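Going by the working numbering, the first residue of the sequence shown is number 6, and it counts up by one from there.
In this text, a Cβ means the ideal position worked out from N, Cα and C, and glycines have one as well.
Please read these numbers as outputs of a predicted model, since none were measured by experiment.
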Amino acid sequence: MSTSVDVATPGTVLHDEVVDARAPWARVIDAGDTLRIVDLEGNQAVDFLAYRAADPTERYSAPDTMVEQGNIFLVTGSRLISNEGNPLMTVTATTCARHDTIGGACSQESNALRYGFHTKHQHACVDNFLLAHSWRGMGKPDMTSNVNWFMNVPVDDDGTLGIVDGISAPGLFVDLRADTDVLAVISNCPQINNPCNGFNPTPIRLVVWR
(Lines of atoms letter the chains of each structure in order from A and count residues from 1; the text may use other names and numbers.)
(Lines give C-alpha, C1' and ligand atoms only; values in the text may rest on other atoms or scores of the structure.)
Protein backbone atom coordinates (compact mmCIF):
# COMPACT_ATOMS: atom_id res chain seq x y z
CA MET A 1 0.00 0.00 0.00
CA SER A 2 1.28 3.45 -0.91
CA THR A 3 0.23 6.58 1.00
CA SER A 4 2.77 8.88 -0.63
CA VAL A 5 0.43 10.09 -3.38
CA ASP A 6 0.71 13.86 -3.80
CA VAL A 7 -2.34 15.50 -2.21
CA ALA A 8 -1.16 19.11 -2.40
CA THR A 9 -4.13 21.43 -1.90
CA PRO A 10 -4.60 25.19 -2.35
CA GLY A 11 -5.64 25.57 1.28
CA THR A 12 -5.00 24.53 4.89
CA VAL A 13 -5.28 20.77 5.53
CA LEU A 14 -7.65 20.05 8.41
CA HIS A 15 -7.68 16.26 8.26
CA ASP A 16 -5.63 13.63 6.43
CA GLU A 17 -6.39 9.93 6.82
CA VAL A 18 -5.92 6.63 5.01
CA VAL A 19 -9.06 4.50 5.16
CA ASP A 20 -8.49 0.76 5.01
CA ALA A 21 -9.90 -1.41 2.26
CA ARG A 22 -13.52 -2.43 3.01
CA ALA A 23 -13.88 0.08 5.88
CA PRO A 24 -16.52 2.75 6.68
CA TRP A 25 -15.84 6.43 7.43
CA ALA A 26 -17.94 9.46 8.38
CA ARG A 27 -17.25 13.11 9.16
CA VAL A 28 -19.00 16.47 9.10
CA ILE A 29 -17.53 18.72 6.42
CA ASP A 30 -18.14 22.39 7.22
CA ALA A 31 -19.61 24.66 4.57
CA GLY A 32 -16.85 25.93 2.29
CA ASP A 33 -14.41 23.15 3.19
CA THR A 34 -13.37 20.54 0.62
CA LEU A 35 -13.14 16.76 0.93
CA ARG A 36 -10.61 15.17 -1.41
CA ILE A 37 -10.97 11.43 -2.05
CA VAL A 38 -7.81 9.84 -3.45
CA ASP A 39 -7.80 6.43 -5.15
CA LEU A 40 -4.41 5.32 -3.86
CA GLU A 41 -3.88 2.14 -5.87
CA GLY A 42 -6.42 2.61 -8.67
CA ASN A 43 -9.67 0.87 -9.63
CA GLN A 44 -11.28 1.22 -6.18
CA ALA A 45 -14.96 2.12 -5.93
CA VAL A 46 -15.89 4.51 -3.11
CA ASP A 47 -19.57 4.47 -2.13
CA PHE A 48 -20.73 7.79 -0.73
CA LEU A 49 -23.74 9.30 1.06
CA ALA A 50 -24.29 12.96 1.98
CA TYR A 51 -26.70 14.52 4.47
CA ARG A 52 -27.36 18.04 5.70
CA ALA A 53 -25.58 17.87 9.04
CA ALA A 54 -28.20 19.93 10.89
CA ASP A 55 -31.08 17.78 9.63
CA PRO A 56 -30.19 14.38 8.12
CA THR A 57 -33.72 13.96 6.77
CA GLU A 58 -32.39 16.15 3.98
CA ARG A 59 -29.98 13.97 2.05
CA TYR A 60 -28.39 13.33 -1.34
CA SER A 61 -30.88 12.39 -4.03
CA ALA A 62 -29.67 10.64 -7.19
CA PRO A 63 -32.86 11.46 -9.18
CA ASP A 64 -32.76 15.17 -8.27
CA THR A 65 -29.05 15.31 -9.06
CA MET A 66 -29.50 13.70 -12.49
CA VAL A 67 -32.44 15.95 -13.37
CA GLU A 68 -30.62 19.11 -12.23
CA GLN A 69 -27.57 18.45 -14.42
CA GLY A 70 -29.22 16.51 -17.23
CA ASN A 71 -26.63 13.72 -17.00
CA ILE A 72 -26.24 10.39 -15.22
CA PHE A 73 -22.49 10.84 -14.69
CA LEU A 74 -20.75 13.16 -12.23
CA VAL A 75 -17.91 15.34 -13.53
CA THR A 76 -16.21 18.60 -12.59
CA GLY A 77 -18.96 21.13 -11.88
CA SER A 78 -21.61 18.58 -10.93
CA ARG A 79 -23.63 19.41 -7.84
CA LEU A 80 -24.99 16.82 -5.41
CA ILE A 81 -28.62 17.84 -4.95
CA SER A 82 -30.73 16.94 -1.92
CA ASN A 83 -34.26 15.57 -1.77
CA GLU A 84 -35.27 19.16 -0.94
CA GLY A 85 -33.70 20.47 -4.16
CA ASN A 86 -30.74 22.13 -2.43
CA PRO A 87 -27.05 21.71 -3.32
CA LEU A 88 -25.14 19.75 -0.69
CA MET A 89 -21.72 19.49 -2.34
CA THR A 90 -20.08 20.51 -5.61
CA VAL A 91 -17.45 18.57 -7.55
CA THR A 92 -14.86 21.33 -7.90
CA ALA A 93 -12.19 19.12 -9.49
CA THR A 94 -11.61 15.54 -10.52
CA THR A 95 -8.81 13.75 -12.35
CA CYS A 96 -11.05 10.77 -13.12
CA ALA A 97 -13.14 11.18 -16.27
CA ARG A 98 -16.52 10.52 -14.63
CA HIS A 99 -18.22 8.99 -11.61
CA ASP A 100 -21.35 6.85 -11.19
CA THR A 101 -24.62 7.79 -9.51
CA ILE A 102 -26.89 4.94 -10.66
CA GLY A 103 -25.12 1.70 -9.69
CA GLY A 104 -26.27 1.65 -6.07
CA ALA A 105 -24.56 0.00 -3.11
CA CYS A 106 -23.84 -3.68 -2.68
CA SER A 107 -25.66 -5.52 0.09
CA GLN A 108 -25.68 -9.07 1.38
CA GLU A 109 -29.02 -9.57 -0.35
CA SER A 110 -27.89 -8.22 -3.73
CA ASN A 111 -24.69 -10.25 -3.49
CA ALA A 112 -26.76 -13.42 -2.98
CA LEU A 113 -29.09 -12.55 -5.87
CA ARG A 114 -26.35 -11.64 -8.34
CA TYR A 115 -23.52 -13.97 -7.42
CA GLY A 116 -25.07 -16.90 -5.57
CA PHE A 117 -26.20 -17.66 -2.04
CA HIS A 118 -22.68 -18.66 -1.05
CA THR A 119 -21.75 -14.93 -1.15
CA LYS A 120 -24.55 -13.74 1.17
CA HIS A 121 -22.30 -13.71 4.23
CA GLN A 122 -19.81 -11.34 2.61
CA HIS A 123 -19.37 -7.85 4.04
CA ALA A 124 -21.07 -5.20 1.88
CA CYS A 125 -21.40 -1.43 1.51
CA VAL A 126 -24.81 -1.37 3.16
CA ASP A 127 -23.23 -2.94 6.26
CA ASN A 128 -20.57 -0.22 6.26
CA PHE A 129 -23.17 2.53 5.90
CA LEU A 130 -25.28 1.14 8.74
CA LEU A 131 -22.23 0.90 11.00
CA ALA A 132 -21.28 4.51 10.25
CA HIS A 133 -24.89 5.59 10.81
CA SER A 134 -24.90 3.88 14.22
CA TRP A 135 -22.13 6.24 15.35
CA ARG A 136 -24.69 9.08 15.18
CA GLY A 137 -27.87 7.29 16.21
CA MET A 138 -29.01 6.80 12.61
CA GLY A 139 -30.21 3.55 11.04
CA LYS A 140 -31.92 1.83 8.11
CA PRO A 141 -34.56 4.56 7.63
CA ASP A 142 -31.66 6.93 6.88
CA MET A 143 -30.35 4.86 3.97
CA THR A 144 -30.70 6.52 0.59
CA SER A 145 -29.29 6.46 -2.94
CA ASN A 146 -25.52 6.79 -3.15
CA VAL A 147 -22.70 7.99 -5.37
CA ASN A 148 -19.99 5.57 -6.51
CA TRP A 149 -16.81 7.60 -6.95
CA PHE A 150 -14.40 6.13 -9.54
CA MET A 151 -16.84 3.36 -10.46
CA ASN A 152 -17.47 2.65 -14.15
CA VAL A 153 -21.13 1.93 -14.98
CA PRO A 154 -21.61 2.51 -18.71
CA VAL A 155 -25.12 2.62 -20.19
CA ASP A 156 -25.75 1.17 -23.66
CA ASP A 157 -28.11 2.69 -26.21
CA ASP A 158 -30.82 0.18 -25.26
CA GLY A 159 -30.62 1.21 -21.60
CA THR A 160 -28.60 -1.78 -20.43
CA LEU A 161 -26.04 -0.97 -17.77
CA GLY A 162 -23.19 -2.95 -16.36
CA ILE A 163 -20.41 -2.77 -13.81
CA VAL A 164 -17.13 -3.09 -15.69
CA ASP A 165 -13.41 -2.44 -15.22
CA GLY A 166 -12.77 0.93 -13.62
CA ILE A 167 -11.40 3.98 -15.42
CA SER A 168 -9.47 5.21 -12.41
CA ALA A 169 -5.73 4.87 -11.76
CA PRO A 170 -3.37 5.26 -8.79
CA GLY A 171 -3.44 8.81 -7.42
CA LEU A 172 -6.59 10.02 -9.18
CA PHE A 173 -8.88 12.09 -6.98
CA VAL A 174 -12.16 13.94 -6.69
CA ASP A 175 -12.66 17.20 -4.74
CA LEU A 176 -16.04 17.89 -3.11
CA ARG A 177 -16.75 21.35 -1.70
CA ALA A 178 -19.45 21.43 0.97
CA ASP A 179 -22.15 23.96 0.05
CA THR A 180 -23.63 23.62 3.54
CA ASP A 181 -22.48 21.73 6.65
CA VAL A 182 -22.59 18.15 5.35
CA LEU A 183 -22.33 14.75 7.01
CA ALA A 184 -20.28 12.72 4.53
CA VAL A 185 -20.46 8.93 4.89
CA ILE A 186 -18.19 6.55 2.98
CA SER A 187 -18.01 2.83 2.42
CA ASN A 188 -14.66 1.96 0.89
CA CYS A 189 -16.33 -0.75 -1.14
CA PRO A 190 -15.59 -4.37 -0.11
CA GLN A 191 -17.07 -5.93 -3.27
CA ILE A 192 -14.97 -8.81 -4.66
CA ASN A 193 -17.48 -10.37 -7.08
CA ASN A 194 -17.41 -7.80 -9.89
CA PRO A 195 -14.69 -5.63 -11.49
CA CYS A 196 -15.56 -2.38 -9.64
CA ASN A 197 -12.52 -2.93 -7.38
CA GLY A 198 -10.53 -5.12 -9.72
CA PHE A 199 -11.69 -7.98 -7.43
CA ASN A 200 -9.22 -6.63 -4.85
CA PRO A 201 -10.42 -3.82 -2.51
CA THR A 202 -7.69 -1.31 -1.64
CA PRO A 203 -7.26 1.69 0.71
CA ILE A 204 -8.16 5.29 -0.08
CA ARG A 205 -6.91 8.59 1.28
CA LEU A 206 -9.21 11.33 2.53
CA VAL A 207 -8.05 14.90 2.94
CA VAL A 208 -10.21 17.74 4.23
CA TRP A 209 -8.92 21.22 3.46
CA ARG A 210 -10.03 24.85 3.88
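In the structure shown, Leu45 falls within a coil segment according to DSSP collapsed to helix, strand and coil.
Counting along the chain, Asp132 sits inside the alpha helix (DSSP H) bounded by residues Cys130 to Ser139.
Our two residues, Val23 and Gly82, have alpha carbons roughly 26 Å apart in a direct line. Put simply, the stretch 165 to 183 does not touch the stretch 60 to 68. Fewer than three CB pairs are less than 8 Å apart. Comparing alpha-carbon positions, the option among Asp162, Ala36, Ile209 and Asn193 lying closest to Asp132 turns out to be Asn193. Contact between Asn153 and Gly108 holds: their C-beta atoms lie close to 5 Å from each other, under 8 Å. Under the three-state reduction of DSSP output, His104 falls in the strand class. Nearest in C-alpha terms to Ala183, of all of Val213, Asp162, Asn205 and Leu177, is Val213. CA-to-CA, the gap between Pro206 and Ile197 works out to about 7 Å. Rounded to whole angstroms, the gap between the alpha carbons of Pro175 and Asp11 is 11 Å.
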